[in-house]
Amino acid sequence: MKYHYSFTTYGPTNRPKSLGILLEDRIKNISGLFYEIRSEYLKIWYLEGIDAVLSGKSEEEVREGEGYGVRIRKDTSYVYFIFDESINCTIETSELRELIEIWWKEYVEFNKDRADVILLSPRGLVWKVVYAQMGEESMRMGEGHKLDPDKYKELNQRLLNDPIVSHLEKEMKKDREDGTYPQYEKYERLLFELKKKYSLT
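Read in order, the letters of the sequence shown are residues 6 to 206 in this note's numbering.
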């Protein structure tokens with residue numbers, strides 16, 4: 006990695022912190038891109054675009070998220086803020102790929118114990134259902150009551166083996182292959198079916 010970077014945390018003092026990344030001046034305008042890569046789906050989505058170009062399968066790939074876009078070419082990639090393209094940066098595509106991998110490794114490690122952070126994957130989304138059920142029980146038992154996640158392992162396994170989850174996994178894979186930005190409403194609809202089927206919160 007030729008560029009200097011460091012990680013930081015931010016957020017209100019009375020709430021869990023979020024992870025951020027600080028980049029050297031030459032590439033500081035791409036830092037906002039990493040704040041959008043907060044799911045496994047998106048990490049794969051960006052990397053698949055980069056790999057398609059680096060391997061020669063595609064001459065150019067474009068990825069646009071909620072705030073930042075990337076025009077990926079073999080030598081360099083152009084990162085820009087969608088709502089004000091004067092905020093932009095050009096970076097070597099191989100370096101961008103490495104930075105995404107570095108960011109994702111740190112992001113997963115930072116959030117490994119966070120029940121409220123869901124790394125978007127079929128397993129992560131199913132845990133979202135399980136945590137919702139845990140939260141409902143915790144509320145019934147009173148503020149400050151801590152639940153043992155092991156109690157919910159059986160529920161989690163039942164949900165993961167459900168055909169709805171298989172369908173969810175196929176839909177996510179199809180969206181990635183199509184180069185589609187995550188269809189959160191569609192995923193949430195499948196989760197709603199899962200909750201209804203098992204009479205969950």
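Each residue gets a CB set at the ideal place from its N, CA and C atoms; glycine is no exception.
When the five nearest sequence neighbours on each side are left out, the beta carbons in the same chain lying within less than 6 angstroms of the beta carbon of Leu101 are those of Ser82, in order along the chain. With respect to Lys79, Val113 sits apart: the two C-beta atoms are not nearer than 7 angstroms. If you draw a straight line from the Cα of Thr14 to the Cα of Trp108, it comes to about 13 angstroms. For Leu101, DSSP records no beta bridge to any residue.
Taken through DSSP and simplified to helix, strand or coil, Gly70 comes out as coil. Secondary structure at Gly25: strand, using DSSP grouped into helix, strand and coil. Rounded to the nearest whole angstrom, the C-alpha separation of His9 and Lys62 is 30 angstroms. Three or more beta-carbon pairs separated by less than 8 angstroms are not found between the region 19-33 and the region 64-71, which leaves the two stretches without contact. Ranked by Cα distance from Phe12, the options Glu182, Glu111 and Leu199 are led by Glu111.
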